[in-house]
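**Q** Below you will find the structure I want to go over with you.
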Amino acid sequence: MIFGRFGRTDATDQKKTGRLSGRNKYPTKSSPGFCVPHKGAGHGEKRLQGKFMVRYLITGLFLLVPLIVQHFSTGAAYADISIQVISGYDDNVSMTSDKKGSGFASYRIRLARDFFSACPSADANVFVDGTYHDYLRVGNNYQLRTGASLNFSLADGRILPGIISEASVYRDDFLEEDDRNEISAGGQIDWLASARLTLTARYTMTWSDYRNELVFYGEYADNSSDQSGHHGAGGQHHGAGGQRQYAMAGTQSEEAYRDDRFDSGVLQATAYLTPVLQASMSAEHNRRHSSVGTESYRQNCLSLSLLWSIGGSWELSAMSFWKRADYHDTPAGMYRKDTRYGVGLGISFFIKNAELFLNAEWTENDSALDSESYFRTVTQCGFMWAF
Numbered sequence: 006m007i008f009g010r011f012g013r014t015d016a017t018d019q020k021k022t023g024r025l026s027g028r029n030k031y032p033t034k035s036s037p038g039f040c041v042p043h044k045g046a047g048h049g050e051k052r053l054q055g056k057f058m059v060r061y062l063i064t065g066l067f068l069l070v071p072l073i074v075q076h077f078s079t080g081a082a083y084a085d086i087s088i089q090v091i092s093g094y095d096d097n098v099s100m101t102s103d104k105k106g107s108g109f110a111s112y113r114i115r116l117a118r119d120f121f122s123a124c125p126s127a128d129a130n131v132f133v134d135g136t137y138h139d140y141l142r143v144g145n146n147y148q149l150r151t152g153a154s155l156n157f158s159l160a161d162g163r164i165l166p167g168i169i170s171e172a173s174v175y176r177d178d179f180l181e182e183d184d185r186n187e188i189s190a191g192g193q194i195d196w197l198a199s200a201r202l203t204l205t206a207r208y209t210m211t212w213s214d215y216r217n218e219l220v221f222y223g224e225y226a227d228n229s230s231d232q233s234g235h236h237g238a239g240g241q242h243h244g245a246g247g248q249r250q251y252a253m254a255g256t257q258s259e260e261a262y263r264d265d266r267f268d269s270g271v272l273q274a275t276a277y278l279t280p281v282l283q284a285s286m287s288a289e290h291n292r293r294h295s296s297v298g299t300e301s302y303r304q305n306c307l308s309l310s311l312l313w314s315i316g317g318s319w320e321l322s323a324m325s326f327w328k329r330a331d332y333h334d335t336p337a338g339m340y341r342k343d344t345r346y347g348v349g350l351g352i353s354f355f356i357k358n359a360e361l362f363l364n365a366e367w368t369e370n371d372s373a374l375d376s377e378s379y380f381r382t383v384t385q386c387g388f389m390w391a392f
């Protein structure tokens with residue numbers, strides 16, 4: 006069971022952690038440090054970059070069409086295809102103190118193809134993945150991804166290094182400031198230390214090109230510094246993405262582009278306690294460097310998960326996590342630290358190539374900004390079919 010399969014999740018906190026005070030579907034200009042997305046003039050260069058990204062993804066989709074045809078026209082499986090359908094309820098879609106809940110349905114299709122499967126020391130994989138989230142009360146969103154991985158086997162299969170690259174397009178009708186194109190690259194190494202213990206180290210970098218400009222209103226005092234230099238209230242500097250960032254005062258408004266780089270390092274230990282029970286513990290350090298200073302932060306995470314297989318057809322899962330994020334720049338010069346806790350429970354039933362599942366996840370975020378403190382519950386059920 007994988008928690009957070011669908012819905013507006015905050016996977017590795019890349020999507021929602023950095024929202025400013027007042028950034029919701031119905032913001033007000035009285036909110037300090039308030040910003041809204043804006044599609045204005047001067048955005049042509051970024052739109053052109055987005056067109057190339059979309060073309061890359063569409064090309065990947067068309068390249069896998071022959072794999073689908075081959076898959077159904079031959080006796081042997083030529084590609085791995087999986088379909089997921091989920092329905093559920095999210096009681097806080099925007100993940101803010103101003104809760105707005107909605108029922109949702111999610112649809113996902115994934116196509117993957119393995120290469121060099123006959124080679125004992127290496128294998129490769131390419132995939133295309135599409136997900137559409139249909140919300141009843143708020144705007145919908147979708148994501149398209151394509152990528153490739155290359156894996157090796159060393160020391161008689163005890164050491165397994167690999168590299169991966171990925172490109173994605175994400176569009177959101179409810180939170181338009183989250184519209185973005187992304188490219189990521191990373192590496193991972195698994196060490197099979199014993200028959201009951203696997204150690205994993207993973208590092209990834211993600212570059213995000215946000216499609217909509219942000220417009221800042223109200224008092225915005227910034228007395229912090231980051232890798233791009235120091236600036237005070239009323240000043241300006243160029244952030245990690247090379248775009249201009251503004252520190253505002255009074256009721257002025259300014260527009261700013263947002264370009265981010267997200268670095269993530271993970272250490273994980275997986276213990277196979279019994280033939281039917283396994284436990285995983287991970288420690289993670291993340292850093293986001295953004296051209297919009299209030300979106301930059303450092304974050305440490307700890308998580309624990311358990312998986313119990315019952316009779317070969319059932320699986321019970323549980324997980325918990327703790328995350329602490331320290332923000333570089335904050336509205337009105339205030340110090341912002343967010344602490345997030347979460348637990349989840351799930352159950353799955355397997356029938357040949359199909360999986361039926363039900364899970365629930367509870368998350369609480371305690372922030373120095375009142376508008377960013379929230380409680381969220383997501384429940385969902387669905388099925389996955391692989392063929």
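Note that the sequence shown covers residues 6 to 392 in my numbering.
Beta carbons are placed, not taken as given, at the ideal position from N, Cα and C, and that holds for glycine.
Pick out whichever of 95, 312, 310 and 291 has its Cα sitting closest to the Cα of residue 302.
**A** As a working note, residue 302 is residue 297 in the sequence shown. The candidate whose alpha carbon is nearest that of residue 302 is 291.
**Q** For the region 354-363 against the region 384-392, are there 3 or more C-beta pairs whose distance is under 8 Å?
**A** Enough Cβ pairs lie closer than 8 Å, so yes.
**Q** Enumerate, from N- to C-terminal direction, the unbroken beta strand (DSSP E) stretches of 3 or more residues contained entirely within the region 313-352.
**A** Runs found: 319-332.
**Q** Who does residue 94 pair with in a DSSP beta bridge?
**A** For this step, residue 94 is matched to residue 89 along the sequence shown. Answer is 108 and 384, bridged to residue 94.
**Q** Mapping the DSSP letters down to three states, classify residue 161 as helix, strand or coil.
**A** The sequence position of residue 161 within the sequence shown is 156, counting from 1. Coil at residue 161, not helix or strand.
**Q** Could you tell me the boundaries of the beta strand (DSSP E) in which residue 287 lies?
**A** Here residue 287 is taken as the residue at index 282 of the sequence shown, counted from 1. Counting along the chain, the beta strand (DSSP E) containing residue 287 begins and ends at 282-295.
**Q** Please return the same chain residues whose Cβ sits closer than 8 Å to the Cβ of residue 126, not counting the five positions on each side in sequence.
**A** As a working mapping, residue 126 is identified with position 121 in the sequence shown. Within the same chain, residue 126 has close Cβ partners 157, 158 and 159.
**Q** In terms of residues, what are the limits of the beta strand (DSSP E) holding residue 201?
**A** Here residue 201 refers to the residue found at position 196 of the sequence shown. Here residue 201 belongs to no beta strand (DSSP E), and DSSP marks it neither H nor E.
**Q** Using a Cβ-Cβ cut-off of 7 Å (strictly less than) and excluding sequence neighbours within five positions of residue 204, which residues of its own chain qualify?
**A** On the sequence shown, position 199 is the one that residue 204 refers to. If we look at residue 204 and ignore the five residues flanking it on each side, its Cβ neighbours are 196, 198 and 274.
**Q** For residue 120, which residues of its own chain have a beta-carbon under 6 Å away from its beta-carbon, when the five flanking residues on both sides are left out?
**A** Here residue 120 refers to the residue found at position 115 of the sequence shown. Only 129 meet the Cβ criterion.
**Q** How big is the Cα-Cα spacing for residue 145 and residue 328?
**A** Along the sequence shown, read from residue 1 onward, the residue named residue 145 stands at position 140. Along the sequence shown, read from residue 1 onward, the residue named residue 328 stands at position 323. About 27 Å.
**Q** For residue 282, collect the residues of the same chain with a Cβ closer than 6 Å to its Cβ; drop the 5 residues on either side in sequence, then sort them by chain order.
**A** Counting from one through the sequence shown, the residue named residue 282 turns up at place 277. The answer, listed in chain order, is 313.
**Q** Please name the residue or residues paired with residue 456 in a DSSP beta bridge.
**A** Only positions 6 to 392 of the chain appear in this structure, which leaves residue 456 out of reach.
**Q** Looking at C-alpha atoms only, which residue of 286, 300 and 279 is the closest neighbour of residue 267?
**A** As a working mapping, residue 267 is identified with position 262 in the sequence shown. Of 286, 300 and 279, the residue nearest in Cα terms is 300.
**Q** For residue 383, count neighbouring C-beta atoms within 10 Å of its own C-beta (all shown protein chains included) and say buried if the count is 16 or more, exposed if not.
**A** Residue numbering aside, residue 383 sits at position 378 when the sequence shown is read from its first letter. Buried, since its Cβ has 16 or more Cβ neighbours within 10 Å.
**Q** Report back the beta-carbon spacing between residue 91 and residue 117 to the nearest angstrom; my notes put them in contact at under 8 Å.
**A** Taking the sequence shown and counting its residues from 1, one reaches residue 91 at position 86. Taking the sequence shown and counting its residues from 1, one reaches residue 117 at position 112. Actually they are not in contact, since the Cβ atoms of residue 91 and residue 117 sit about 20 Å apart, beyond 8 Å.
**Q** Please report the distance separating the alpha-carbon of residue 245 from that of residue 166.
**A** For the purposes of this step, residue 245 is taken as the residue at position 240 of the sequence shown. For the purposes of this step, residue 166 is taken as the residue at position 161 of the sequence shown. Note on residue 245: pLDDT 31, under 50, position unreliable in the model; the coordinate value appears next. Taking the straight line from one Cα to the other gives about 30 Å.
**Q** Is it buried or exposed, residue 262, if we count other Cβ atoms within 10 angstroms and call 16 or more buried?
**A** Taking the first residue of the sequence shown as position 1, residue 262 is located at position 257. It is buried - the Cβ of residue 262 has at least 16 other Cβ atoms within 10 Å.
**Q** Looking only at DSSP bridge pairs, what is residue 118 linked to?
**A** Position 113 of the sequence shown, counted from the start, is the residue given in the question as residue 118. Per DSSP, 131.
**Q** Quick check on the burial criterion: 16 or more other C-beta atoms within 10 angstroms. Buried or exposed for residue 324?
**A** Start at 1 with the first residue of the sequence shown, and residue 324 comes out as number 319. Residue 324 is buried by the Cβ-count criterion.
**Q** Among the residues of its own chain, which have a CB less than 6 Å from the CB of residue 326, if the five just before and after it don't count?
**A** On the sequence shown, residue 326 is found 321 positions in, with the first residue counted as 1. Excluding residues within five positions, the ones whose Cβ falls inside 6 Å are 308 and 347.
**Q** With distances taken Cα to Cα, identify the nearest neighbour of residue 164 among 172, 89, 288 and 206.
**A** Locating residue 164 in the sequence shown gives position 159, where the first residue counts as 1. Comparing Cα positions, the closest option is 206.
**Q** Where DSSP assigns a beta bridge to residue 143, which residues make up the other side?
**A** Taking the sequence shown and counting its residues from 1, one reaches residue 143 at position 138. Answer by DSSP bridge pairing: none, since residue 143 is not bridged.
**Q** Mapping DSSP to helix, strand and coil, what is residue 101?
**A** As a working mapping, residue 101 is identified with position 96 in the sequence shown. The answer is coil: DSSP assigns residue 101 none of H, G, I, E or B.
**Q** Just grab the DSSP bridge partners of residue 166 for me.
**A** Here residue 166 refers to the residue found at position 161 of the sequence shown. BP columns for residue 166 point to 194.
**Q** State the Cα-Cα distance for the pair residue 367 and residue 341, rounded to the nearest angstrom.
**A** Here residue 367 refers to the residue found at position 362 of the sequence shown. Here residue 341 refers to the residue found at position 336 of the sequence shown. Spanning the two alpha carbons is a distance of roughly 23 Å.
**Q** Please check the pair residue 101 and residue 377, which I expect to be a contact at CB under 8 Å, by giving their CB distance rounded to whole angstroms.
**A** As a first step, residue 101 must be located in the sequence shown, where it is residue number 96. As a first step, residue 377 must be located in the sequence shown, where it is residue number 372. Rounded, the Cβ-Cβ distance is 6 Å, consistent with contact.
**Q** Is it the case that the Cβ atoms of residue 112 and residue 137 are separated by a distance below 8 Å?
**A** Along the sequence shown, one-based indexing puts residue 112 at 107. Along the sequence shown, one-based indexing puts residue 137 at 132. Result yes, Cβ atoms of residue 112 and residue 137 sit closer than 8 Å.
**Q** Smallest Cα separation from residue 285: which of 86, 294, 322 and 191?
**A** Reading the sequence shown from its first residue, position 280 is the one you call residue 285. The shortest Cα separation from residue 285 among 86, 294, 322 and 191 belongs to 322.
**Q** With a CB to CB cut of under 6 Å and the five nearest residues on each side skipped, what residues in its chain are close to residue 94?
**A** Reading the sequence shown from its first residue, position 89 is the one you call residue 94. Same-chain partners within the cutoff: 108 and 384.
**Q** Just to confirm the assignment, what range does the beta strand (DSSP E) spanning residue 270 have?
**A** By 1-based counting over the sequence shown, the position of residue 270 is 265. That run of the beta strand (DSSP E) goes 264-279.
**Q** Please determine, among 315, 369, 370 and 374, the residue with the shortest C-alpha to C-alpha distance to residue 353.
**A** Numbered from its first residue, the sequence shown carries residue 353 at position 348. Among 315, 369, 370 and 374, the Cα nearest to that of residue 353 is on 315.
**Q** Cα-Cα, which of 305, 194 and 115 is closest to residue 404?
**A** Because the chain here runs from 6 to 392, residue 404 falls outside it and cannot be looked at.
**Q** Express the C-alpha separation of residue 297 and residue 38 in angstroms, rounding to a whole number.
**A** In the sequence shown, counting from the first residue as 1, residue 38 sits at position 33. In the sequence shown, counting from the first residue as 1, residue 297 sits at position 292. Its pLDDT being 39, under 50, residue 38 is placed unreliably by the model, and nothing is read from it.
**Q** Using 8 Å as the threshold, is the C-beta distance between residue 213 and residue 264 below it?
**A** Walking along the sequence shown from the start, residue 213 turns up at place 208. Walking along the sequence shown from the start, residue 264 turns up at place 259. Contact: yes.
**Q** For residue 310, count the other beta carbons within 10 Å of its own beta carbon; 16 or more makes it buried, fewer makes it exposed. Which is it?
**A** Stepping through the sequence shown from its first residue, residue 310 is reached at position 305. When all chains shown are included, residue 310 counts as buried.
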